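J.: First to last, the sequence lines map onto chains D and B.
Per the numbering used here, the very first residue in the first sequence carries number 1; after that it's consecutive.
Per the numbering used here, the very first residue in the second sequence carries number 1001; after that it's consecutive.
Ideal Cβ positions, reconstructed from N, Cα and C, are used throughout, including at glycine.
The model shown is predicted, which means the values in this text are computed figures rather than measured ones.
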Amino acid sequence: MPRYSISHLMQLEAESIHVMREVAAEFERPVMLYSVGKDSSVMLHLARKAFYPQKLPFPLMHVDTGYKFEEMYDFRRRMAEEYEADLIVHRNEEAIAAGANPYDLGTQRCCGLLKTQALLDGLSEGRFDAALGGARREEEKSRAKERFFSFRDRFGQWDPKNQRPELWNLYNCRIGQEESIRVFPLSNWTELDIWMYIHREDIPVVPLYFAREREVVVRGEQLIPLEGQARLLPGETPRSMVCRFRTLGCSPCTGAVRSTAASVEEIIEEMMVERISERSTRIIDHDQEGSMELKKREGYF
Amino acid sequence: MTDIQTFLTQNEEKELLRFSTAGSVDDGKSTLIGRLLADSKNIYEDHLASLKQLARKDETPDLALLLDGLKAEREQGITIDVAYRYFSTPRRKFIIADTPGHEQYTRNMATGASGANLAIVLVDARHGVLTQTRRHAFITSLLGIQHLVVAVNKMDMVDYSEAVFDDIRRTFLDYAAKLNVSDIRLVPVSALEGDNVVVKSDRMPWYHGQTVLDILEDVQFLTDRNLVDLRFPVQYVIRPHQNARYYAGSVLSGVVRPGDEVLVLPGQNRTRVKSVSSFDGDLEEAYPPMSVSLQLEDEVDVSRGDMIVHPKNLPHVDRRFEAMMVWMGEAPMDPSRHYLIKQTTQTARASIDHVDYRIDVDTLHKVDVPHLALNDIGRVALTSNRPLFHDAYQNNRLTGSFILVDYLTNHTVAAGMIIDRLPEDRVPMDVDAGSEPRASTSKRSSLVDPDRRIARYGQKPCTIWITGLVGSGKSAVTFGLEAALYEEGYSVVVLDSSVVRNGLSRDLGFSAADQAENLRRVAECARVLNDAGLIVVASFISPSEEGRRQVAERIGTDRYMEVFVDASLDWCRKHDTTGCYVKSDRGLLRNLAGVDYPYERPNDPAVKVATETDPVDRSVSRIIAVLKERGYLLARP
Ligand SMILES: Nc1nc2c(ncn2[C@@H]2O[C@H](COP(=O)(O)OP(=O)(O)OP(=O)(O)O)[C@@H](O)[C@H]2O)c(=O)[nH]1
Ligand SMILES: [Mg+2]
């Protein structure tokens, strides 16, 4: 490349760092939502770059449903220790104690309680005025409409028909009492960018992303892992299969994909031929057309 | 090397091109992008499948639905807000902003176009160039996008006619000749059928140019960057420990290297760059759009909003500037109030001095208007309360752009692009318009020697500048002082706000710029009266320290004496006889010092009058004592 040109990955990196620094400079109580997945890994890495050699100027918050994979909890522990991050774990204890689960409540209601509600409570408990999230526009078509700095009213709701104009790199960070901003520093990254960057920067990710033999049941198009309190439906029998995860949500609702890609390079190679979007393995997204937009309006990330 | 490694190296070297769509409603913007994604195999199969599910059995899937991701958009079949999509070819990665065509959503169109290197303007072959097409082409050129691809769409509905295409080409180029765009190409396409989008169409053999994708892959845009003028606004100060400071920010333009001599604006101190640091180690240089942090050799006071530049290459440092603005607020611009302005990493207050004109986007004619309303575009003069470090947008997109935010609603109400300043006489005046020459240094041509005046009047002329809130007791002190000086035999004149406002300055309002102009006139008057040997007592709220400093300089600092009449806001409200506070509370009056406009207490007044405790005559005597002490009042016989 000619002198003074800069590759697309480095441009994405610069843009994300700019956004995070703007958050640290403009808000009083920012927080970074850390979901333990690959996007969070990248976001955390970028944040360390943004404020190097200082420690992160904001805490991390994990909204924990209690249904995450064991390997995610291990990984979370390891990261918090290694990076000396200030980690808040927030759970909707009330709903968890009442036994909220996707089998009895359905995915929509379960998600509403354990994720959306827990997130809103966690944010208001911490009186956070800005929350950084790792969502990307490419993931889903209502996310494709999201600003970098996305305004939320007092109830955490998004009004997609009335978003603030957002020009150049000038972000309007002004909010009123109890209002907040969701910030998406990875807006312009694609799944492939994420993996290439993980490869380039050697960023640690949860081993669930890599293929190995796992116990699963085949449910429709999905491979559902047998983990924790996973329930079998009538007629289902567990099978052992070489598979991996493309996104990590709650174990009962995250499907694995058949794949033998056991390293970052193999994942990238696989993606070059793969033509299915990553969120297709999330059961909640296709419960109904437009379901993501609905959840986002209500405060979901 | 294995295949995957080759691939990885190749991909790390990819260029990033950002482009946006533009054009009128239903011209086929979203469909074109959908087609581009589909034909370049950049759509996920499950996304396509859900499209097919949505389409009725006999229909082909509507590619626009790939982009129109909101429920309201699908219901109405239009785009409301920008959708961002991504695709790549072996050479480049593309970020697409698919923008709405409807005029109502112009601000979203501008959002999508603001960061773009290229814009695809869609024209429906059946309708030709419409007002909305012109509006978008104009905004595109205003935003400094240098490359336009005009896709004349729906050629399938006009029998792929060359004549139709030529006609549209002529109309468009005719309009575009008045715009500031260097590279325009026209392509006849059918977004629906795919002609000339990714694959060259054999239905239009008369067209010999490139397909849309070919252009996207080939266009040379890297030279559009500014690598000359170093502009590094400090975004955040990183302090890992007591003695280390890293100034974090993005290089907006230019190149910075360790050892460079730099200036940190607004200060005038020079220092050198000690290191250009990053997480990955120190760098040899940094250039746009890198986000890095700089360490400086010397301890200088640097904070967010300051700008690091090379000393021989400075931006404009000014409180006044003119800009082309796109008004985006639902409520029209209100020139009588102020707004927050965000420019680079600074946020300041700004008021509108005047609107030069609005542009009629159809004809590009200038229209006289008192203010801009939603979706209007026009040229505006503004004044900010602090100097901004800026360049003309044309030379530097990121230091020449700003947004205005309404501090009451927090809405982003306007986007602005700074233009090179007009000659001084067209710019609204300020106390300090043009920094030289100053009164005290300018040449006087009077034949009467100042010393003879001093001897005759028994006084050295000076201006006693009485500042304070409305209702603080300025008038009592002012007229008390006038009477006392007169009684002692001195020659004295009062310049009082209400008198000046009703006469000399009756054409002025209360915007920041008008207030500044009012003070400039008063200062000029005081200077003339002082030149004539008279003592002036001037009573003006004059809320800003900077404003008072400029007044002092205009009169001559050696002839300026400041008296601060101090009383609490509560006390002032109680004793106010003008009704200003009541009006302000009812929203009938704006920019009232101490209420919705800051009053900056004088740092170092010659006399401070505590109205709440001191009787007027005692204060007057104290002022006279200081005047004598300073030698302004010669002893009376
Ligand atoms: N025949 C024909 N129809 C087309 C073509 N391109 C688009 N259309 C149709 O035109 C209509 C509008 O297309 P959209 O892509 O939604 O238009 P748009 O410019 O994105 O509209 P807004 O975003 O709302 O401004 C749809 O019904 C398309 O199917 C074309 O090349 N030929
Ligand atoms: Mg559209």
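So D/P59 and D/L33 are supposed to be a Cβ contact under 8 Å. How far apart are they, rounded?
T.: Here residue 59 of chain D refers to the residue found at position 59 of the first sequence. Here residue 33 of chain D refers to the residue found at position 33 of the first sequence. At roughly 10 Å, the Cβ-Cβ gap does not stay under 8 Å, so D/P59 and D/L33 are not in contact.
J.: Helix, strand or coil, according to DSSP, for D/E213 in the structure here?
T.: Within the first sequence, numbered from 1, the residue matching residue 213 of chain D stands at position 213. Strand.
J.: Kindly give me the distance between the Cβ atoms of B/L1063 and B/R1035, rounded to whole angstroms, as I take these residues to be in contact under 8 Å.
T.: Against the second sequence, residue 1063 of chain B aligns to sequence position 63. Against the second sequence, residue 1035 of chain B aligns to sequence position 35. Their Cβ separation, rounded to whole angstroms, is 6 Å, which keeps B/L1063 and B/R1035 in contact under 8 Å.
J.: Less than 7 Å separating the Cβ of B/K1029 from some heavy atom of ligand 2?
T.: The sequence position of residue 1029 of chain B within the second sequence is 29, counting from 1. Correct: B/K1029 has its Cβ closer than 7 Å to ligand 2.
J.: Can you list, in chain order, the residues of its chain with a C-beta nearer than 7 Å to that of B/E1012? Leave out the 5 residues immediately preceding and following it.
T.: Within the second sequence, the letter at position 12 stands for residue 1012 of chain B. Answer for B/E1012: no residue qualifies.
J.: Which residues does DSSP list as the beta-bridge partners of B/Y1560?
T.: The sequence position of residue 1560 of chain B within the second sequence is 560, counting from 1. B/Y1560 is bridged to B/T1463.
J.: Looking at B/A1513 and B/D1353, is the spacing between their C-beta atoms short of 8 Å?
T.: The residue labelled residue 1353 of chain B in the question sits at position 353 within the second sequence. The residue labelled residue 1513 of chain B in the question sits at position 513 within the second sequence. Their beta carbons are under 8 Å apart, which means B/D1353 touches B/A1513 by this criterion.
J.: Start and end of the beta strand (DSSP E) containing B/N1153?
T.: Along the second sequence, read from residue 1 onward, the residue named residue 1153 of chain B stands at position 153. Residues 1147 to 1153.
J.: Alpha carbon to alpha carbon, what distance is there between B/Y1339 and D/E302?
T.: No answer is possible for residue 302 of chain D: the residues shown for chain D start at 1 and end at 301.
J.: To which residues does DSSP link B/F1389 through a beta bridge?
T.: Residue 1389 of chain B sits at position 389 when you count from the first residue of the second sequence. BP columns for B/F1389 point to B/V1317.
J.: Could you work out which residues of chain D lie near B/F1389, taking near to mean beta carbons separated by less than 7 Å?
T.: Looking up residue 1389 of chain B in the second sequence gives position 389. Neighbours of B/F1389 on chain D: none; closest Cβ ~14 Å, over 7 Å.
J.: Using a Cβ-Cβ cut-off of 8 Å, state whether B/F1321 counts as contacting chain D.
T.: For this step, residue 1321 of chain B is matched to residue 321 along the second sequence. No - not a single Cβ of chain D is within 8 Å of the one on B/F1321.
J.: Buried or exposed for D/F155, going by 16 or more other Cβ atoms inside 10 Å?
T.: By one-based count along the first sequence, residue 155 of chain D stands at place 155. Result: exposed.
J.: Please classify B/P1188: does DSSP put it in a helix, a strand, or coil?
T.: The sequence position of residue 1188 of chain B within the second sequence is 188, counting from 1. Looking at B/P1188 - three-state DSSP - the assignment turns out to be strand.
J.: Name the two residues that bound the continuous alpha helix (DSSP H) containing D/P238.
T.: In the first sequence, counting from the first residue as 1, residue 238 of chain D sits at position 238. First-last for D/P238: undefined, no H or E at that position.
J.: What does B/R1401 pair with, by DSSP beta-bridge criteria?
T.: Taking the first residue of the second sequence as 1, we reach residue 1401 of chain B at position 401. Here the sequence assigns Ser to residue 1401 of chain B, which means Arg is not the residue at that position. In the DSSP output, where bridge partners are listed per residue, B/S1401 has B/M1417.
J.: Under 8 Å, do B/M1307 and B/T1344 count as touching if we go by C-beta distance?
T.: Position 307 of the second sequence, counting from 1, holds the residue named residue 1307 of chain B. Position 344 of the second sequence, counting from 1, holds the residue named residue 1344 of chain B. Yes.
J.: Per the DSSP calculation, B/L1265 is bridged to which residue(s)?
T.: Reading the second sequence from its first residue, position 265 is the one you call residue 1265 of chain B. Answer is B/M1307, bridged to B/L1265.
J.: How far does the alpha helix (DSSP H) with B/S1584 in it reach, from first residue to last?
T.: The residue given as residue 1584 of chain B occupies position 584 in the second sequence. Its alpha helix (DSSP H) spans residues 1580 to 1585.
J.: Nearest-angstrom Cα distance between B/A1119 and B/V1273?
T.: In the second sequence, counting from the first residue as 1, residue 1119 of chain B sits at position 119. In the second sequence, counting from the first residue as 1, residue 1273 of chain B sits at position 273. Taking the straight line joining both Cα atoms gives about 38 Å.
J.: Using a cut-off of 8 Å between C-beta atoms, extract the partners of B/G1081 located in chain D.
T.: Taking the second sequence and counting its residues from 1, the one referred to as residue 1081 of chain B is at position 81. Residue identity check: residue 1081 of chain B is Asp in the sequence provided, not Gly. K145, P160, K161, Q163, listed in chain order.
J.: So does the segment 1404 to 1420 of chain B actually touch the segment 1323 to 1340 of chain B, counting three or more Cβ pairs closer than 8 Å?
T.: In short, these stretches touch, since the Cβ pair count reaches three.
J.: Closer than 7 Å: is that where the CB of D/N169 sits relative to any heavy atom of ligand 1?
T.: As a first step, residue 169 of chain D is located in the first sequence; it is residue number 169 there, counting from the start. No, since every heavy atom of ligand 1 falls outside the 7 Å radius drawn around the Cβ of D/N169.
J.: Is the distance from the Cβ of D/V31 to the Cβ of D/D64 below 8 Å?
T.: To locate residue 31 of chain D, count along the first sequence from 1; it is residue 31. To locate residue 64 of chain D, count along the first sequence from 1; it is residue 64. No. Outside cutoff.
J.: Given a limit of 9 Å on CB to CB distance, which residues of the segment 46 to 72 of chain D reach chain B?
T.: Listed by position, the residues of the segment 46 to 72 of chain D near chain B (Cβ gap below 9 Å) are R48, K49, A50, F51, Y52, P53, Q54, K55, P57.
J.: Could you name the residues of the same chain whose beta carbon sits closer than 7 Å to that of D/R3, not counting the 5 residues immediately before and after it, in chain order?
T.: Against the first sequence, residue 3 of chain D aligns to sequence position 3. Excluding sequence neighbours, D/R3 sits near nothing in its chain.
J.: Flag this pair as touching only if the segment 35 to 51 of chain D and the segment 141 to 160 of chain D have three or more C-beta atom pairs under 8 Å; answer yes or no.
T.: Counting Cβ pairs under 8 Å, fewer than three are found: no touch.
J.: Can you name the residues of chain B whose CB is closer than 9 Å to the CB of D/T107?
T.: Here residue 107 of chain D is taken as the residue at index 107 of the first sequence, counted from 1. Those do not exist, as D/T107 stays about 18 Å from chain B at its closest Cβ, beyond 9 Å.
J.: Anyone know if the C-beta pair for B/L1179 and B/S1141 falls short of 8 Å?
T.: Locating residue 1179 of chain B in the second sequence gives position 179, where the first residue counts as 1. Locating residue 1141 of chain B in the second sequence gives position 141, where the first residue counts as 1. Yes, the pair counts as a contact, with Cβ atoms nearer than the cut-off.
J.: Jot down the residue ranges of each uninterrupted beta strand (DSSP E) in the segment 1529 to 1556 of chain B, minimum 3 residues, whole runs only, in chain order.
T.: For the segment 1529 to 1556 of chain B, whole beta strand (DSSP E) runs of length 3 or above, ordered along the chain, are 1535 to 1539.
J.: Where does D/F75 sit, in a helix, a strand or coil, going by DSSP?
T.: As a first step, residue 75 of chain D is located in the first sequence; it is residue number 75 there, counting from the start. Correct three-state label for D/F75: helix.
J.: For the segment 184 to 196 of chain D, which residues have a beta carbon sitting closer than 9 Å to at least one beta carbon of chain B?
T.: Listed by position along the chain: S187, N188, W189, T190, L192, D193, M196.
J.: State the Cα-Cα distance for the pair B/R1438 and B/V1448, rounded to the nearest angstrom.
T.: The residue given as residue 1438 of chain B occupies position 438 in the second sequence. The residue given as residue 1448 of chain B occupies position 448 in the second sequence. Note on B/R1438: pLDDT 40, under 50, position unreliable in the model; no value is reported.
J.: Out of B/S1253, B/R1349, B/L1065, B/D1617, state which residue places its alpha-carbon closest to the alpha-carbon of B/Q1076.
T.: For the purposes of this step, residue 1076 of chain B is identified with residue 76 of the second sequence, where counting begins at 1. Nearest option by C-alpha distance: B/L1065.
J.: For ligand 2, I want to know if B/D1068 counts as a neighbour, meaning its beta carbon is within less than 7 Å of at least one of the ligand's heavy atoms.
T.: Reading the second sequence from its first residue, position 68 is the one you call residue 1068 of chain B. Yes, the Cβ of B/D1068 comes within 7 Å of a heavy atom of ligand 2.
J.: Am I right that B/A1476 and B/V1616 are in contact with their C-beta atoms under 8 Å? What's the rounded C-beta distance?
T.: On the second sequence, residue 1476 of chain B is found 476 positions in, with the first residue counted as 1. On the second sequence, residue 1616 of chain B is found 616 positions in, with the first residue counted as 1. Right, the Cβ-Cβ distance comes to about 5 Å (below 8 Å), so this counts as a contact.
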